[in-house]
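Data first, discussion second: the structure below is written as structure tokens.
Residue numbers (UniProt numbering): 1 to 185.
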């Protein structure tokens, strides 16, 4: 073997001093591995890999979080619109229904009062019962219609409400907006 061919062969077990001078030991090969890593360099690489993983997770879930945030904003805006539209209508309906019911009550009381104050006009029990029956029938029909519309309850009729009680509260408006979205899709 010539010396030129032995220079090209890497022999780890060779005792030849010339061969070991031309060879670079693995731990000193600076082109393949770079400089030795210190503890600070390891921490930076760990941070970079953690940051990269965290960013990958964030990029994966950010569209979902954004979609949920958009849905919640859409629900709150829709609930605000429903609340603004329906609450004044509720007050108008309630006042109208209460005015009719209390008007029937007042008419009945006035009619009975007039009958009892007229000493010249004697009314029979049957005629009084017929008048009472007619007013009672009108009153019951109006009360049931008002309850069916759900804008009044017994507290409104008995005047025991603490402030204004509304059907269209903001939580009810949010619930309604949610049911609209789940129904429509």
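Think of the CB as a built atom: it goes at the ideal place given N, C-alpha and C, for glycine as much as any other residue.
Residue 151 counts as buried, since no fewer than 16 other beta carbons sit within 10 angstroms of its beta carbon.
For residue 118, the three-state secondary structure derived from DSSP is coil. Of the other Cβ atoms in all chains shown, fewer than 16 fall within 10 Å of the Cβ of residue 127; this residue is therefore exposed. Secondary structure at residue 150: coil, using DSSP grouped into helix, strand and coil.
As the crow flies, the alpha-carbon of residue 156 is around 39 Å from that of residue 120. The closest CA to that of residue 83, considering only 172, 114, 181 and 102, is found on 172. In the DSSP annotation of this structure, the continuous segment of the alpha helix (DSSP H) that includes residue 180 starts and ends at 170 to 184. Contact between residue 75 and residue 174 holds, since their C-beta atoms are separated by about 6 Å, short of 8 Å.
Per DSSP, reduced to three states, the secondary structure at residue 97 is helical.
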